[in-house]
Amino acid sequence: MNYVPNTDRDRSEMLADIGVSSMEELLSDIPREVRLQRHLALPAPMSEYDLARHMGALASKNRTTDDLVSFLGAGAYDHFVPSVVRHLVSRSEFYTAYTPYQAEISQGMLQAIFEYQTLMCELTAMDVSNASLYDGATAVAEAAAMACRQTRRRQVVISVAVHPEYRATLRTYARNLGIEVLETGMKDGVTDIEELDRLVSSATACVILQSPSFLGSVEPMGKAAEVAHRSGALFVACVDPISLGILAPPGEYGADIAVGEGQGLGSPMSFGGPYLGFLTCRQDLVRNMPGRVAGETHDPDGRRGYILTLQAREQHIRRERATSNICSNEALSALAAAVYLSWLGKDGVRELADLCLQKAHYAFDRITALPGFEKASRAPFFKEFVVRTPIPPEEVSAGLLRSRILGGLPLGRHYPEFGDAMLIAVTEKRTKEEIDSLCRALEGLA
Amino acid sequence: MTMPLIFERSEAGRRAYSLPDCDVPRKDATELLPGWALRKRAADLPEVSEVDLVRHYTKLSQRNHGVDVGFYPLGSCTMKYNPKVNEDAAALPGFNALHPYQPEELVQGALELMYELGRYLCEIGGMDEATLQPAAGAHGELTGLMIIKAYHESRGDGAKRTKVIVPDSAHGTNPASAAFCGYKVVEVKSDGRGGVDLDSLRAAMSDEVAALMLTNPNTLGLFDENIVEIAKIVHGAGGLLYYDGANMNAIMGIARPGDMGFDVLHFNLHKTFSTPHGGGGPGSGPVAVKKTLAPFLPVPVVEKKDGKFVLDYARPQSIGKVKAFYGNFNVMVKAYAYIRALGAKGLREASENAVLNANYLMRKLAPYYHLPYDRHCKHEFVLSGEYQLASGVHTGDIAKMLLDYGFHAPTVYFPLIVKEAIMVEPTETESRDTLDAFVDAMIGIAQLAEKDPEALHTAPHKMVVGRLDDVTAARRPVLRWRPNKQTNAG
Ligand SMILES: Cc1ncc(COP(=O)(O)O)c(C=O)c1O
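Which chain is which? The protein sequence lines are A and B, in order. Everything in the first sequence is counted per our numbering, starting at 1 for the first residue and increasing by one. Everything in the second sequence is counted per our numbering, starting at 1001 for the first residue and increasing by one.
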């Protein structure tokens, strides 16, 4: 199989039209010494039926979250994806297109991006949104680089309560960009604002906090923003978009840039990707914003239309002086987010956030009432929280699996001080019955 | 008629959503969270019914051109057909409903797929080890350059090697990635045959150069015949060679970057390996390297130990992470399926037919459009709209007119070294009939340029909107909808 329509006859006639006698002749400018003199060593080709069976067999070597009851979160969440999302993003006019360079033949995707941008602005209460970035981790790194350009400073301060993989990604980017990264610690389960205040100075380009934090806590974002602004630094808020149905959005506490992971907005967990990095910001920062952006305009008859705009920031125009190197982004995930958020609507987004809040608190109350299971802090939380476990959390996980439960994330690898603790996520999908059975299983293990 | 935005279809009280019941005892949010943590003003999301929602996005899809709709010869982007069986495979719950932090023993199938895909890519590229973490081509470039930097640093050579050489024909992401990696960009000229100018390269080369970034065939669609000499020059001065894999579709099974002397390369799974472009993404940009660079790959790397697949984080010289988790896994599933369906023979045939289709189109169009580099091309070729310029018609006008014929336009105004560039990449999955229809359209446009240039200046005429005003869009940016605002009324 190779999906090539040319027949042998096509090929020989085309070669004749080109004026060559063989395919080889067309390849004659590739020096002999770099020509591959053998076949690639790859498995034999497969028919579609054989391939489908093979893929099914590979897939069945995995245990899915449909199979298990999942309380695993930590940056990828088991939210319900309604059928409309999959059906609409499967419209092949969308998914077999590329970046809408030719606006007039790509109005569908451009308008969807414009709608996505508006939805994200509404949700985060910020002025402008880009068309997407790779994921939450790179969005944090891009925001840091953006803040450094804007302030002409080369230091960022980030809380240790931000997702460890986001911080790791930021460190990788920053090291190569010559940006210094300082980490500030936690106190009582949230970022220590006093320590933050000591670290932030007139050298700081931005302060980055995540709320809810990696550990689930709702962070003192307003206070952190104040600390940043007092030193002329920007405040970058990394947020869970699902939480914004109920939690204060970045625009309400003075964030200059909001970023985050949008996987929860209609994308499956897919073993870690593709996800959706989002970035929204204040109006006056827009020319330093990374990534594509769609804007409204009109045609000669005054008809409204959409087009990729402010491209003077981007690599294909600005080359080494671009605000980012990003080219392909996560457009289809952004489309999924637009459909998902429109499906939820004004009331749905609040109800969904409330459901997560209620179920997570029910689970928290029940688990921390079990002998040996203790809360790790009194910080407010949304859909995720930390509990200390009477036996090592890795053993808890293994034990839960025997009851077909995917337990929370043991925290020791990322936070040695939480070596005896587990991060538990509860989305709207978990039922009271499932939470109760988690508690029964935990009780049996203690 | 103006197409409404989803917000303009909103009616208070309409709903599409349905959520599970709150089956736990409900408490007021103010009991569970402090007042300062609560949202004050509700997000003004649209309120629509499910059927409204479905019709809205279905209508939007009908206002969009994709490979499934018609020819999409967007140069440098390899808009080949996206096999449906791959979509079905990637939608299997066994791949889709997996949490990235599930214990390794529960995701052996996923890890096996990643491990094997990495090995296939190494074989195709002539490399030794791969990471699948980068999310797109540009992300792969950045990752590859970080690996190069870490390599030089490990040899105590990092502080001195501050420059990356990029040809003037390079894609914009090459210099942008180099700058994002903290390098100074040095541009080298192309020679009269479209390759790297060797004298210019020799002059730019020094012990301050970390790497040369190149794609071969290059962005003109031409194979650089001096590649062995180029590699010698760069390696001779202690630099490394980076291969931009955007153009791999020309050479699968025919030649391998690793055998040409390249040390690092990225693949665009969304180009060469048939995964859909998603209207702009997600893609996937795996990076493969020669053995000496393997210690620097991002963590984790999928390894096979005692018949089990594991995520190896114990790589002390690793550059770290470039993204959360392991990369765009769902895209990898499709690329893996593609490689398994085609095998070595199918991949080679794909590349050969891509080259054949490109040369066929090029020869058919050369009498009507200026062909600045008249040699056999590989998978794509670049014309210039120079002849048409004489009658005041620009490449942009030609592109817009093509839309009326039901074709997406080629890439235009890139590469920058060709005036009024028209970059055509037909791919192997197009039939001769389609190519001939495109030729007819292009000839028709060339004739129109002489007879009625005005018709081209005002194109397109048959799209859902006429030519959109990009100047106003950039001068007075409207980047989101706002209720009751004049500019949104259309
Ligand atoms: C030659 C070349 N290099 C690099 C890239 C960047 O790839 P991506 O868009 O996947 O980041 C492109 C894509 O358009 C390209 O054509």
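Using N, Cα and C, we set each Cβ at its ideal position, and we do this for glycine too. None of these values were measured; they are calculated from a predicted model.
- Three or more beta-carbon pairs separated by less than 8 angstroms link the region 257–272 of chain A to the region 67–80 of chain A, which places the two stretches in contact.
- Taking 7 angstroms as the CB threshold, alanine 255 of chain A stays off the interface with chain B.
- For serine 328 of chain A, the shortest separation between its Cβ and any heavy atom of ligand 1 lies below 6 angstroms.
- Among the CB atoms of chain A, none fall inside 7 angstroms of the CB of histidine 1394 of chain B.
- With a cut-off of 6 angstroms, the C-beta of alanine 1350 of chain B is classified as distant from ligand 1, since no heavy atom of the ligand falls inside that distance.
- For the options B:Glu1011, B:Ala1449, B:Met1114, B:Glu1208, the alpha carbon positioned closest to that of phenylalanine 1325 of chain B is the one of B:Met1114.
- Relative to the Cα of proline 241 of chain A, the nearest Cα in the group A:Gln210, A:Ala233, A:Gly222 belongs to A:Gln210.
- Annotation note: the region 228–311 of chain A contains the following uninterrupted beta strand (DSSP E) runs of length 3 or greater, listed N- to C-terminal: 234–239, 257–261, 277–281, 294–298, 304–308.
- Here leucine 36 of chain A is near alanine 1255 of chain B, since their CB atoms are less than 7 angstroms apart.
- The beta carbon of arginine 149 of chain A sits no closer than 7 angstroms to any beta carbon of chain B.
- A contact is defined here as three or more CB-CB pairs under 8 angstroms, and the region 426–444 of chain A meets this definition with respect to the region 364–372 of chain A.
- DSSP places methionine 120 of chain A outside any beta strand (DSSP E); the residue lies instead in the alpha helix (DSSP H), whose first and last residues are 107–124.
- The beta carbons of threonine 191 of chain A and alanine 233 of chain A sit about 15 angstroms from each other, so the pair does not count as a contact at 8 angstroms.
- Around the beta carbon of arginine 313 of chain A, a 10 Å sphere encloses 16 or more other beta carbons of the protein chains shown; the residue is thus reported as buried.
- Rounded to whole angstroms, the gap between the alpha carbons of alanine 1437 of chain B and serine 1076 of chain B is 21 angstroms.
- For threonine 427 of chain A, the nearest beta carbon of chain B is not closer than 7 angstroms to its own beta carbon.
- With fewer than 16 neighbouring CB atoms inside 10 Å of its own CB, histidine 39 of chain A falls in the exposed class.
- Within the chosen limit of 6 angstroms, ligand 1 does not reach the beta carbon of asparagine 176 of chain A with any heavy atom.
- Residue range 1395–1404 is occupied by the alpha helix (DSSP H) that includes methionine 1401 of chain B.
- If you ignore the 5 residues before and after glutamate 219 of chain A, its C-beta comes within less than 6 angstroms of the C-beta of Val190, Thr191, Leu209, Ser211, Ser213, all in its own chain and listed in chain order.
- Close partners of asparagine 1359 of chain B in chain A (Cβ separation under 7 angstroms): Ile18, Leu26.
- Only residues of its own chain outside the window of five on either side were considered, and among them Ala1089, Ala1090, Phe1095, Leu1113 have a CB closer than 7 angstroms to the CB of valine 1333 of chain B, listed in chain order.
- In the three-state reduction of the DSSP assignment, histidine 414 of chain A falls in the coil class, being assigned neither a helical nor a strand state.
- For aspartate 1244 of chain B, the shortest C-beta to heavy atom distance toward ligand 1 is below 6 angstroms.
- When Cβ pairs closer than 8 angstroms are counted between the two stretches, the region 152–159 of chain A is seen not to touch the region 289–297 of chain A, the count staying below three.
- With distances taken between CA atoms, alanine 125 of chain A lies nearest to A:Ala237 out of A:Phe381, A:Gln311, A:Ala237, A:Ala112.
- Within chain B, the residues placing a beta-carbon under 7 angstroms from that of valine 128 of chain A are Leu1479, Arg1480, ordered along the chain.
- CA-to-CA, the gap between valine 1051 of chain B and alanine 1016 of chain B works out to about 8 angstroms.
- The beta carbon of glycine 1137 of chain B sits closer than 6 angstroms to at least one heavy atom of ligand 1.
- For glycine 1283 of chain B, the shortest separation between its Cβ and any heavy atom of ligand 1 lies below 6 angstroms.
- With 16 or more other Cβ atoms from the protein chains shown falling within 10 Å of its own Cβ, glutamine 358 of chain A counts as buried.
- Contact annotation, valine 200 of chain A with serine 231 of chain A: C-beta distance approximately 5 angstroms; criterion of less than 8 angstroms satisfied.
- Contact annotation: glycine 1253 of chain B and leucine 1347 of chain B have beta-carbon atoms nearer than 7 angstroms.
- Excluding sequence positions up to five before and after leucine 400 of chain A, its CB lies within less than 6 angstroms of the CB of Gly407, Ala441, all in the same chain and listed in chain order.
- Nearest Cα to valine 162 of chain A within the set A:Glu433, A:Val239, A:Met23, A:His361: A:Val239.
- In the DSSP assignment, isoleucine 1233 of chain B falls within the unbroken alpha helix (DSSP H) covering 1227–1236.
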